[in-house]
Amino acid sequence: MAYIVALTGGIASGKSTVADLFAARQIDIIDADLIAREVVEPGQPALATMRDYFGHHILLDNGQLDRKQLREIIFSDPKHKQWLNDLLHPLIQKRTQQKIAQCSGQWCLWVVPLLVENQLQHLAQRVIVVDSEEEAQIERVCKRDSISRSQALAIIHSQATRQQRLAIADDIIDNNLSKSALAEKVSQLILTYNRLASEYKGRNL
Numbered sequence: 021m022a023y024i025v026a027l028t029g030g031i032a033s034g035k036s037t038v039a040d041l042f043a044a045r046q047i048d049i050i051d052a053d054l055i056a057r058e059v060v061e062p063g064q065p066a067l068a069t070m071r072d073y074f075g076h077h078i079l080l081d082n083g084q085l086d087r088k089q090l091r092e093i094i095f096s097d098p099k100h101k102q103w104l105n106d107l108l109h110p111l112i113q114k115r116t117q118q119k120i121a122q123c124s125g126q127w128c129l130w131v132v133p134l135l136v137e138n139q140l141q142h143l144a145q146r147v148i149v150v151d152s153e154e155e156a157q158i159e160r161v162c163k164r165d166s167i168s169r170s171q172a173l174a175i176i177h178s179q180a181t182r183q184q185r186l187a188i189a190d191d192i193i194d195n196n197l198s199k200s201a202l203a204e205k206v207s208q209l210i211l212t213y214n215r216l217a218s219e220y221k222g223r224n225l
């Protein structure tokens, strides 16, 4: 089993930017968001189950999931959100473990937006938190997703707090860094994880 470094942070905190810097250095990336999309593709059993529960209006004309419609539903009723989590999380975890097992390097980067919320930090040997001021998150997510400030705040406040994420961090990346400083920070972390992964492998031989 590869040494697992989890990367997390709030919505629009800059996780993708950081993950791309690791990917550019040939680090294996396991992206929970991509896996979450895969398990609800047309033809997947989970999507049919969701359609039966929520109704056909959660589907677009082409059969794809209408993510905007679904987001509005689950944020309006915690029971719906819990039902969806109970359905999808086991499927996502199973596929995640399959992908981790296929990693070719000594360690892999597991990008998990809801690591703290779903209490998954124990599944990783190391945790990176991409830290960002709330106001910067609001600005980025409103621009990226074309949503209102109140919608952005609702999403942010439904997630773990900044303090909760920082409390479980082994390493913190400040997303206010310049691009060059961010790249340098990633380079330093890669050296650290190469060493830690080698030590971990030695202990588990």
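For the sequence shown, my numbering assigns the number 21 to the initial residue and increments by one for each residue that follows. Built from N, CA and C at the ideal position, the CB exists for glycine as well.
Does the separation of the CB atoms of Ile120 and Ile50 fall below 8 Å?
Indexing the sequence shown from 1 puts residue 120 at position 100. Indexing the sequence shown from 1 puts residue 50 at position 30. Yes, Cβ-Cβ distance for Ile120 and Ile50 is below 8 Å.
Pull up the distance between the alpha-carbon of Ile47 and that of Ile112, whole angstroms please.
For the purposes of this step, residue 47 is identified with residue 27 of the sequence shown, where counting begins at 1. For the purposes of this step, residue 112 is identified with residue 92 of the sequence shown, where counting begins at 1. Their backbone Cα atoms lie some 21 Å apart in a straight line.
Mapping DSSP to helix, strand and coil, what is Ala43?
Numbered from 1 along the sequence shown, position 23 holds the residue referred to as residue 43. When secondary structure is reduced to three states using DSSP, Ala43 falls in the helix class.
Where does Met70 land, buried or exposed, given buried means 16+ other C-beta within 10 angstroms?
Residue 70 sits at position 50 when you count from the first residue of the sequence shown. By the Cβ neighbour-count rule, Met70 is buried, with 16 or more other Cβ atoms within 10 Å of its own.
Gln141 beta carbon less than 8 Å from that of Leu134:
Along the sequence shown, one-based indexing puts residue 134 at 114. Along the sequence shown, one-based indexing puts residue 141 at 121. Cβ atoms of Leu134 and Gln141: not closer than 8 Å.
Inter-residue spacing [alpha-carbon to alpha-carbon] between Ser33 and Ala68:
Position 13 of the sequence shown holds residue 33. Position 48 of the sequence shown holds residue 68. Each residue's alpha carbon lies about 32 Å from the other.
Pick from Trp103, Ala43, Asp81 and Glu137 that is closest to Ala66, judged by C-alpha positions:
Locating residue 66 in the sequence shown gives position 46, counting from the first residue. Comparing Cα-Cα distances from Ala66 to each of Trp103, Ala43, Asp81 and Glu137, the minimum goes to Trp103.
Endpoints, beta strand (DSSP E) assigned at Thr28:
For the purposes of this step, residue 28 is taken as the residue at position 8 of the sequence shown. Here the beta strand (DSSP E) through Thr28 covers Tyr23 to Thr28.
Take the Cβ of Leu27 as the centre, count every other Cβ of all protein chains shown within 10 Å, and call the residue buried at 16 or more, exposed below.
On the sequence shown, residue 27 is found 7 positions in, with the first residue counted as 1. The residue is buried, with at least 16 neighbouring Cβ atoms inside 10 Å.
Gly29 and Arg146 look like a contact to me (Cβ under 8 Å); what is the Cβ gap, rounded to whole Å?
Translated into the one-based positions of the sequence shown, residue 29 becomes position 9. Translated into the one-based positions of the sequence shown, residue 146 becomes position 126. Going by Cβ atoms, the distance from Gly29 to Arg146 rounds to 15 Å, so no, they are not a contact pair.
Cα-Cα separation between Ser198 and His76, rounded to whole angstroms
Translated into the one-based positions of the sequence shown, residue 198 becomes position 178. Translated into the one-based positions of the sequence shown, residue 76 becomes position 56. Answer to the nearest angstrom: the Cα atoms are 45 Å apart.
Beta-carbon within less than 8 Å of Ala174's beta-carbon, same chain only, minus the 5 sequence neighbours each way: which residues are those?
For this step, residue 174 is matched to residue 154 along the sequence shown. Within the same chain, Cβ atoms closer than 8 Å to the Cβ of Ala174 are found at Phe95, the five residues on either side in sequence being excluded.
Go through its chain and collect everything with a Cβ distance to Tyr213's Cβ below 6 Å, but skip five positions before and after it.
Taking the sequence shown and counting its residues from 1, the one referred to as residue 213 is at position 193. Exclusion of the five residues before and after Tyr213 leaves Val25 and Trp127 as the residues of its chain whose Cβ lies within less than 6 Å of its Cβ.
On the DSSP bridge assignment, give the partners of Cys128 in chain order.
Start at 1 with the first residue of the sequence shown, and residue 128 comes out as number 108. Beta bridge pairing from DSSP links Cys128 with Ile24 and Asp48.
What does the Cβ neighbour count give for Thr116, buried or exposed, with the cut at 16 atoms within 10 Å?
Numbered from 1 along the sequence shown, position 96 holds the residue referred to as residue 116. Counting every other CB atom within 10 Å of its CB across the protein chains shown gives Thr116 a total of 16 or more, marking it as buried.
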